[in-house]
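In the working numbering, the protein residues as written are 354 to 699.
Glycine is no exception: its CB is placed at the ideal position from the N, C-alpha and C atoms.
Bear in mind that the values here come from a model prediction, so they are computed numbers and not experimental data.
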Ligand code: CP3
């Protein structure tokens, strides 16, 4: 049952169409904000920064102090899971993530019990944020989807993912073993996040693109279904947003067969596709982060067309992928004001 104090995001995830959509941005806690860059400069190592509850809570809260976003997303990273499972992970400055040699699936499976203790600081971050966040704003926890995380584990860095996709053809059983380990580890990690204060969970499948239909079933849909089933076994009842970025037409199958509360749509989603999915689920997205960075009248026009196409159904206003670091803060203000009707002093 919804009341006025139920956060707008939760009402939308419950299937309500609202007077205006809730709004938050993927990667809102990050480098586009000067105060983030200043805070980030106090710790060289990115993983140490993620695992520092005081700093991570501050990074989580920075965007919601500046803008009337309807949610805060916990500051963490999808690659904390492989690290907790015993694979080496580090970040090269200016280049991105690097991972050490991929352990055997049995070796990773043996470390599953280590995941929640190794990531308890993320729980501490969530509790700190929940204590400070206004009740009308929701707190989002997240994990990378098994396939997306596995692509980084196999390739050792951000690449074209052809090695990972090849392994899915040449060693399907082995890939399935890895995905099963990641399903279990992610379920336990997400349960811990909910206990610590997360009211919504998002599964980031950043690399659903380029998959044939059989691979999409085996690498994206099945692991998501297993993860949802496992969360339910573990007593987790909060709404889950699934974001199969790059799924294209396969997003329709995803929406039909994966029992998420909401489907995140990327920049390529058509308005018609969004409306069709909305008959079954809440949708989220799909403003192009490059248009947000570009700004101007085209940005206003696209915001208006997304809202006029999707605003009559359950819709969460968001980007189609993460915010780009050199996005002007004034463009974020322009969109947030247009969507919320509130004026932002930032
Ligand atoms: O959304 C948020 O504001 C919460 C924080 C968050 C981060 N990473 C912080 C971060 C979230 C939700 C993520 C998810 C994440 N991490 C994804 C899925 C979403 C997506 O963008 O596709 C992926 C693929 C990663 C892995 C990752 N982390 C990469 C490839 C990189 C390097 C590229 C880059 O953006 O720099 C990171 C580093 C990272 N994660 C940064 C931040 C703020 C930048 C590092 C820094 O501040 O020094």
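Note on residue 446: under 16 other CB atoms within 10 angstroms of its CB, so exposed under the neighbour-count rule. Distance from the CA of residue 478 to the CA of residue 574, rounded to the nearest whole angstrom, comes to 30 Å. Relative to the ligand CP3, the nearest heavy atom lies less than 8 Å away from the CB of residue 379. If you check the C-beta of residue 495 against the ligand CP3, you find a heavy atom less than 8 Å away.
When the Cα atoms are used, residue 695 and residue 421 turn out to be separated by approximately 8 Å. Secondary structure remark: continuous beta strand (DSSP E) runs of at least 3 residues inside the region 538-617, in chain order: 553-558, 593-597 and 615-617. Between the ligand CP3 and the CB of residue 577, the shortest heavy atom gap is not smaller than 8 Å. DSSP places residue 452 within a strand segment (E or B) once states are collapsed to three. In this structure the region 612-621 lies against the region 592-600, because at least three pairs of beta carbons, one per stretch, are closer than 8 Å.
Residue pairing from DSSP places residue 445 in a beta bridge opposite 449. DSSP places residue 412 in the helix class (H, G or I) of the three-state scheme. Cα atoms of residue 364 and residue 378: separation of roughly 18 Å, rounded to the nearest angstrom. The ligand CP3 never approaches residue 684 closely enough for any of its heavy atoms to be under 8 Å from the residue's Cβ. Listed as beta-bridge partners of residue 671 by DSSP are 639. For residue 569, the closest alpha carbon among the candidates 373, 608, 507 and 384 is that of 608.
One alpha carbon belongs to residue 483, the other to residue 393, and they sit about 21 Å apart.
The closest CA to that of residue 549, considering only 586, 465, 667 and 480, is found on 480. Taking 8 Å as the cut-off, the C-beta of residue 393 counts as close to a heavy atom of the ligand CP3. In the DSSP assignment, residue 494 falls outside any alpha helix (DSSP H) and lies within the beta strand (DSSP E) extending over 491-497. Short note on residue 399: C-beta closer than 8 Å to some heavy atom of the ligand CP3. When the five nearest sequence neighbours on each side are left out, the beta carbons in the same chain lying within less than 7 Å of the beta carbon of residue 371 are those of 361, 364 and 365, in order along the chain. Residue pairing by DSSP places residue 677 opposite no residue, since no beta bridge is assigned to it. The alpha-carbon separation between residue 584 and residue 505 amounts to approximately 24 Å.
Setting aside the 5 residues that flank it on each side, residue 661 has no residue in the same chain whose C-beta is closer than 8 Å to its C-beta. By the criterion of a C-beta distance shorter than 7 Å, residue 439 is surrounded in its chain by 456, 460, 461 and 464, once the five residues flanking it on both sides are discounted.
Residue 688 holds the alpha-carbon nearest to the alpha-carbon of residue 646 among 688, 563 and 605.
Counting C-beta atoms within 10 angstroms of its own C-beta, residue 643 has fewer than 16 neighbours from the protein chains shown and is therefore classed as exposed. Of the candidates 452, 454 and 555, 555 places its Cα closest to the Cα of residue 638. Contact annotation: the region 525-542 does not touch the region 560-568, with fewer than three C-beta pairs closer than 8 Å. Residue range 424-426 is occupied by the beta strand (DSSP E) that includes residue 426. One alpha carbon belongs to residue 634, the other to residue 367, and they sit about 9 Å apart.
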